[in-house]
Amino acid sequence: MLNKVPEVIIYFWIIKIMATTVGETAADFLIGNLKLGLTNTTLIMSVLLIITLFFQFKASKYVPSIYWFTVVMISVVGTLITDNLVDNFGVSLVTTTIIFTVAMLATFAAWYASEKTLSIHSIYTSKREAFYWLAILFTFALGTAAGDLIAEGLNMGYWKSALMFAALIGVVTIAHYGFKLNTVLSFWIAYILTRPLGASLGDYLSQPRDKGGLGLGTTGTSMVFLVIILGLVFYLTKTRKDESKVVE
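So the sequence shown is residues 386 to 633, counted in the working numbering.
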């Protein structure tokens, strides 16, 4: 059960951004190397995500390794779902962005109507955790669509898109700490924005130079970020610095 929340904010956001970047590059890596096709790759990764969620829901407390592996898996699947809609079904990036925005907002509305809170500090029941992971899935799918729409559809380019989303996160941070913007609202806005930030960053690092990237490749980019994530998760597991008291 997701009944413990990160105490050290900086670790949470560093790993979150890393996970979103890996979600973009790992999805591209799997599609390009498994040779199973986009649809089959999505199905396989979705089954693995379901298995991962089983262990996440079964856990009686916050376990960094399980939690962050779930985030990485849901990031990959969210990316693949969007790619399927765009590449296999011909749905435009504008339409997918709208679809996942509506789905995400509907999830938040149903969550709040049922539980009267959207705070991650209050996730101590299976029902609230189900809302949490569903909302995250839609934020990842939406972030992929929005990131690609800005970077590719509007021809802004990957690094400019990454800077734009990073600047928006900075605005939210200032609004929260400087002007007391509601904590829950600040969290979810920042959480949503980290996905297109990660997508743009991942594409900028991995895509060929003739497409506006640095040409590091999906393999190298994914491995670097995965190593950093594993290192941080190992550190948190040992030190338990991101744990807090169980919410009663």
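Every residue, glycine too, gets a C-beta built ideally from N, C-alpha and C.
Everything numeric in this text was worked out from a predicted model, so none of it was measured.
- In chain order, VAL557 place their CB closer than 8 Å to the CB of ILE574, counting only its own chain and leaving out the 5 sequence neighbours on each side.
- The DSSP assignment places no complete run of the beta strand (DSSP E) inside the region 582-613 (cut-off: 3 residues).
- About 5 Å separates the Cβ atoms of SER591 and THR603, confirming a contact at the 8 Å cut-off.
- In the same chain as ARG513, and ignoring 5 residues on each side of it, the C-beta atoms closer than 7 Å to its own belong to GLU500 and SER507, in chain order.
- For a cut-off of 8 Å, the C-beta gap from THR467 to THR455 is around 19 Å, too long to register as a contact.
- Between LEU423 and ILE416 a beta carbon distance of about 6 Å is seen, short of the 8 Å cut, so the two are scored as contacting.
- The closest CA to that of ILE559, considering only ASN418, SER571 and LEU615, is found on SER571.
- For the 7 Å CB-CB criterion, ILE459 and LEU539 do not form a contact.
- Under the three-pair Cβ rule at 8 Å, the region 434-450 does not count as touching the region 489-500.
- Within a 10 Å sphere around the beta-carbon of THR529 sit 16 or more other beta-carbons, which makes this residue buried.
- With a contact defined as Cβ atoms closer than 8 Å, GLU409 and ASP595 miss out at about 19 Å.
- Annotation for ILE554: ALA575, LEU578, THR579 and LEU582 place their beta carbon closer than 8 Å to its own, counting only its chain and skipping 5 residues before and after.
- Sorting ILE394, PHE414 and ILE395 by C-alpha distance to the C-alpha of MET608 places PHE414 at the top.
- Distance from the Cα of THR622 is smallest, within the candidate group ILE436, ALA412 and ILE451, for ILE451.
- Check the Cα spacing between THR502 and each of THR524, THR568 and PRO449: the tightest is with THR568.
- About 11 Å separates the beta carbon of ALA411 from that of ILE614, a gap too long to meet the 8 Å contact definition.
- Cβ contact annotation for LYS401 (same chain, cutoff 6 Å, sequence separation greater than five): THR579, in chain order.
- Burial of PHE610 is indicated by the presence of at least 16 other C-beta atoms within 10 angstroms of its C-beta.
- Taking GLY597 as reference, the option from THR464, SER445, THR437 and TYR543 with the minimal CA-CA separation is TYR543.
- CA-CA distance, GLY563 to THR426, rounds to 44 Å.
- By the neighbour-count criterion, in which 16 or more other beta carbons inside 10 Å mark a residue as buried, ASP533 falls on the buried side.
- When the Cα atoms are used, VAL462 and LEU470 turn out to be separated by approximately 12 Å.
- Assigned with DSSP and collapsed to three states, LYS443 falls in helix.
- Under the DSSP assignment, THR482 falls in the alpha helix (DSSP H) whose first and last residues are 478-500.
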